[in-house]
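K.L.:
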Amino acid sequence: MNPLTRLRSSQSGALGILLLFGVVLVALAVSVKLQQCNVTQGGLPFFVNIAIQGLANGAIYALIALGYTMVYGIIELINFAHGDVFTLGAFFSLPLLGLFGLTEGKEFTIVTALLLLLVLVIVMALTGGVNVLIERVAYRPLRNSPRLAPLITAVGMSFILEGIMFLWRGPFNLHYPDILPATRVNLLGNAYVGIKDMVVVGVAIVLVIALSLFVNRSKLGKAMRATAQDRDASQLMGIDINRTIAATFFIGAVLAAAGGIIYGLYFNSVDFQLGFSAGLVAFTAAVFGGIGNIQGAALGGLIIGMLQAYNDGYCSSAWTRVLIFGILILVLVFRPSGLLGSRLGDKA
Amino acid sequence: MIGRRGLALGAGAIIALAACGSSGGGSSNKGTIKIGVELPESGKEASNGIPTLNGVKYAVQKQTTIKGFTIEINNLDDAVNGVHDAQKGAQNVQQFVSDSKVLGFVGPFNSAVAQAEIPVANAAHLTMISPANTNECLTKDLPAPECTFKPADLRPSGPNNYFRVAATDDFQGPAMADYAYDTLGLKKVAVASDNETYGKGIADSFSRELTKKGGDPTPRQDFDTKTTNSFKPFESSATAAGGLYFGGTDSNKVCIARQQMKSAGFNAPFFGGDGIVTAQCITDAADNVDNMYGTVAAADATQIPDAKSTIDDFKKNFSATTDFGAYTMPAYDCANILLDGISKAIDDAGGNMPTREQVRARVAQTKDFPGVLGKTSFDSNGDTSNKIISIYTIGAAPGLTGSTPKDWIWKAQVKF
Chain A
1 MNPLTRLRSS
11 QSGALGILLL
21 FGVVLVALAV
31 SVKLQQCNVT
41 QGGLPFFVNI
51 AIQGLANGAI
61 YALIALGYTM
71 VYGIIELINF
81 AHGDVFTLGA
91 FFSLPLLGLF
101 GLTEGKEFTI
111 VTALLLLLVL
121 VIVMALTGGV
131 NVLIERVAYR
141 PLRNSPRLAP
151 LITAVGMSFI
161 LEGIMFLWRG
171 PFNLHYPDIL
181 PATRVNLLGN
191 AYVGIKDMVV
201 VGVAIVLVIA
211 LSLFVNRSKL
221 GKAMRATAQD
231 RDASQLMGID
241 INRTIAATFF
251 IGAVLAAAGG
261 IIYGLYFNSV
271 DFQLGFSAGL
281 VAFTAAVFGG
291 IGNIQGAALG
301 GLIIGMLQAY
311 NDGYCSSAWT
321 RVLIFGILIL
331 VLVFRPSGLL
341 GSRLGDKA
Chain B
349 MIGRRGLALG
359 AGAIIALAAC
369 GSSGGGSSNK
379 GTIKIGVELP
389 ESGKEASNGI
399 PTLNGVKYAV
409 QKQTTIKGFT
419 IEINNLDDAV
429 NGVHDAQKGA
439 QNVQQFVSDS
449 KVLGFVGPFN
459 SAVAQAEIPV
469 ANAAHLTMIS
479 PANTNECLTK
489 DLPAPECTFK
499 PADLRPSGPN
509 NYFRVAATDD
519 FQGPAMADYA
529 YDTLGLKKVA
539 VASDNETYGK
549 GIADSFSREL
559 TKKGGDPTPR
569 QDFDTKTTNS
579 FKPFESSATA
589 AGGLYFGGTD
599 SNKVCIARQQ
609 MKSAGFNAPF
619 FGGDGIVTAQ
629 CITDAADNVD
639 NMYGTVAAAD
649 ATQIPDAKST
659 IDDFKKNFSA
669 TTDFGAYTMP
679 AYDCANILLD
689 GISKAIDDAG
699 GNMPTREQVR
709 ARVAQTKDFP
719 GVLGKTSFDS
729 NGDTSNKIIS
739 IYTIGAAPGL
749 TGSTPKDWIW
759 KAQVKF
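Chains as they are written, first to last, in the numbering used here: chain A, 1 to 348; chain B, 349 to 764.
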């Protein structure tokens, strides 16, 4: 047994994690040197500002990554259309915001907050419905086909969704109303944390906890876990497989829709191809954390969001993806099942 | 969107009809000469490419035949997934080269695309005239790090085939630096770019000029906007500066950066190049459009008294507000210079179909061509003698109605 194989086989051990940590640190140091990063610029306030940006990015990635990981966990399909489901959430919410009179420049009151919550719920339901429909039309008929067939229809669904959104609103950057209050709290120097940042991170945390509770405590959650472990056995035990899988798609889309809305509220701009790059990064986050693992997806999203913010801030954003994927490769070499592992029991 | 498409189709039909009419009624038809148009025309770039394309369409509409030859447009789009693409541009030029009736083309729009296209066109002696390219490295031999390639590298197989009616970025950045420092009295201006040939080029030249005048162009950051859309940390670290110069294009989210300045607590003027002087930019900047300034490396046709009749006539034929853009009239001049070169080359060929080299030689000799923008001559590099930088700002547009009655309003011009 050569040393590398031995290390890899001890992946669950503390030694493996320690080694991975060391290798990643070395990789980061090399990257900082190669990119000639200016890590002293801006001092501590800049560092804090980037951390806040990273948290917000990470929260959005995490919400998308959960959908990838849940669907993969239960039917081992990489749902390439998921990134576009995220965009769809933002697109659905745009006319609704107008309908409820949530426009820019108004004072943010408790009524605004409640209306916003209402929009969130409606859009989650709508987007969830669309994703269930997608599953019914594009994936269910192919469930027993070779694994490549639904993968290809997933790519197709991605293009179809993008096409529909293109026809609906055109190719332009759409302005998303800036509704959340601009209030900011001064931390130190010119480092601020805004209500916006807190909302993004807060919504993500609440949803991730709710999802964990749902999967681990509810009856449907139990059915999901059972289906993920052994579909045929679950069916024999009387679990309605179709319903369980549809529910998984519904929940995945609900989270992505929430992600789409908070993306819009945070960045104030959406376009029809938004989900392509965001989806790619979120998928990476899911693999990073251990595909099929809910906590892993959230952690992966957070780490990638942070890496991105810091590399953008101190180094060159042109190299950010190289860095993210470089670290992903290292993680997969030393821990092939991702940071938190993708053991069946942990699957959604 | 649908309405706009309908109009574009309508305009196409009118041109087709006009072409049919004149070729039917013309004396002896010697065949067809095509002029190419190579611009980013789909996706987010439509706001750049379509008004520019309209300038060429309008020129051909007015001149459907030359000395017995029918003039047609061969129009190719270099946008891939809605964003201009240098490789696609080079493929398009390859397509022009393989069509023997194409004697020259108007385009491209983006400097990065031109860099890929010039060598392909050069090998075939195919004339290209750009209405909008402003990167100085395409025509001028400047040392690194300013230029990472030499003009001669792009023209390996023959004499210069590349011309432009726009001034170069080495004037666009400095013009804005002069305006910010002298007119607005700003000493410290933060600088950012979208990290592309064009955006980084104008940001660098802005920095150099501001430094030369005694100002301070810091802090500085370049963003790869394909992977990021968060400019806030940079902007909050720049609040001590009196303004932000952002080199780049609206399709690379530059104007979203303007919108984000509000939540970063950075209330200062915003400067940029011609890539932000668009309607999309006004939408993107949303409620933060005040105090935005953009340069265009060309004279503003609407500020030239002699051009008024041409523009009025153009707007009769292309009536939607989105039909006319900053580069419509420059493209119209490009097309007319090319058509003038073709006309002279037909004489050189004894009234027959000229070669591409004959057209190229004639365009290179262009001297004091009376265009809408003024008198254009090309120097040996292919640059125009008519170097005018216009400065625009966003203001209430008279006569414009709708939800955002704002537009880019001409403010001043700097001639070099």
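Idealized CB from N, CA, C, for every residue including glycine.
#1: At least one CB of chain A closer than 8 Å to the CB of B:ALA634: is that the case?
#2: Between which two residues does the alpha helix (DSSP H) carrying A:TYR310 extend?
#3: Cβ closer than 9 Å: which chain A residues qualify as neighbours of B:ALA394?
#4: Taking just the CA atoms, how far does A:ALA90 sit from A:LEU255?
#5: Residues of chain B with CB under 7 Å from A:GLY58, in chain order?
#6: Measuring only between beta-carbons, confirm whether A:GLN53 sits less than 8 Å from chain B.
#7: In whole angstroms, give me the CA-to-CA distance for B:GLY642 and B:LYS488.
#8: Counting contacts by CB-CB distance shorter than 8 Å, is A:ARG184 in contact with chain B?
#9: So what's B:ASP564 in DSSP terms, helix, strand or just coil?
#10: Assign B:GLU465 to buried or exposed, taking buried as 16 or more other Cβ atoms, counted over all protein chains shown, within 10 Å of its Cβ.
#11: From A:LEU349 to B:ALA427, what distance separates their C-alpha atoms?
#12: Output the distance between the C-alpha atoms of B:PHE457 and B:LEU387, rounded to the nearest integer angstrom.
#13: So is B:ILE604 in contact with chain A if we call contact Cβ pairs under 8 Å?
#14: So, is B:GLY369 buried or exposed, given that buried needs 16 or more other C-beta atoms within 10 angstroms?
#15: Listing by chain order, which chain A residues have their CB less than 8 Å from the CB of B:THR570?
#16: Scan the stretch 447-516 of chain B and note each continuous alpha helix (DSSP H) run of 4 residues or more that stays entirely inside, going in chain order.
#17: Would B:ALA434 and B:ALA460 qualify as a contact pair, given that the criterion is a beta-carbon distance under 8 Å?
#18: By alpha-carbon positions, which one of B:LYS754, B:VAL720, B:ALA589 ends up nearest to B:GLY403?
#19: Tell me whether the beta-carbon of A:ILE78 lies closer than 8 Å to the beta-carbon of A:TYR72.
#20: Show which residues of chain A have a CB atom less than 8 Å away from the CB atom of B:GLY384.
#21: Can the beta-carbon of B:LEU424 be found closer than 8 Å to that of B:PRO467?
#22: Spatial neighbours of A:SER269 within its chain, please: CB distance less than 8 Å, with the 5 preceding and 5 following residues excluded, ordered by chain position.
#23: Count the other CB atoms, across all protein chains shown, that sit within 10 Å of the CB of B:TRP756; report buried if there are 16 or more and exposed otherwise.
#24: At a Cβ threshold of 8 Å, is B:SER371 touching chain A?
#25: Taking only the alpha-carbon atoms, compute the straight-line gap between B:SER418 and B:VAL450 and give it to the nearest angstrom.
#26: At a CB-CB cut-off below 8 Å, which residues of chain B make contact with A:GLN273?
#27: Please list the partners that A:GLY260 has in chain B, where partner means a Cβ-to-Cβ separation under 7 Å.
#28: At a Cβ threshold of 8 Å, is A:GLY350 touching chain B?
#29: If you count every other CB in all the chains shown that lies within 10 Å of the CB of A:MET237, and 16 or more means buried, which is it?
#30: What did DSSP end up calling B:LYS735 once you bin it into helix, strand or coil?
#31: Would the beta-carbon of A:ARG143 fall within 8 Å of that of A:ILE74?
P.N.:
Reading off the structure:
#1: yes
#2: Looking at the DSSP string, the run of the alpha helix (DSSP H) that includes A:TYR310 is 294-314.
#3: GLY170, PRO171, PHE172
#4: 12 Å
#5: The contacting residues do not exist; A:GLY58 stays about 12 Å from chain B at best.
#6: yes
#7: 24 Å
#8: yes
#9: Residue state, collapsed to three classes: strand.
#10: buried
#11: There is no way to answer for residue 349 of chain A, as the model of chain A reaches only from 1 to 348.
#12: 6 Å
#13: yes
#14: Because the pLDDT of B:GLY369 is 40, which lies under 50, any placement of that residue in the model is unreliable, and the number read from its coordinates should be weighed accordingly. Result: exposed.
#15: The amino acid at residue 570 of chain B is misidentified as Thr; the sequence shows Asp. Ordered by position in chain A, the residues that pass the 8 Å Cβ test against B:ASP570 are SER316, SER317, ALA318.
#16: 459-471, 499-502
#17: yes
#18: Looking at the Cα atoms, B:VAL720 is the closest of the given residues.
#19: yes
#20: Using a Cβ-Cβ cut-off of 8 Å, B:GLY384 is close to nothing in chain A; its nearest Cβ partner there is about 24 Å away.
#21: no
#22: ASN173, LEU174, HIS175, TYR176
#23: buried
#24: Because the pLDDT of B:SER371 is 40, which lies under 50, any placement of that residue in the model is unreliable, and the question is left without a value.
#25: The residue you asked about is not Ser; residue 418 of chain B is Thr in the sequence shown. Cα-Cα distance, rounded: 12 Å.
#26: ASN429, GLY430
#27: Those do not exist, as A:GLY260 stays about 14 Å from chain B at its closest Cβ, beyond 7 Å.
#28: Residue coverage of chain A in this structure runs from 1 to 348, which leaves residue 350 of chain A outside it and unanswerable.
#29: Counting every other CB atom within 10 Å of its CB across the protein chains shown gives A:MET237 a total below 16, marking it as exposed.
#30: coil
#31: no
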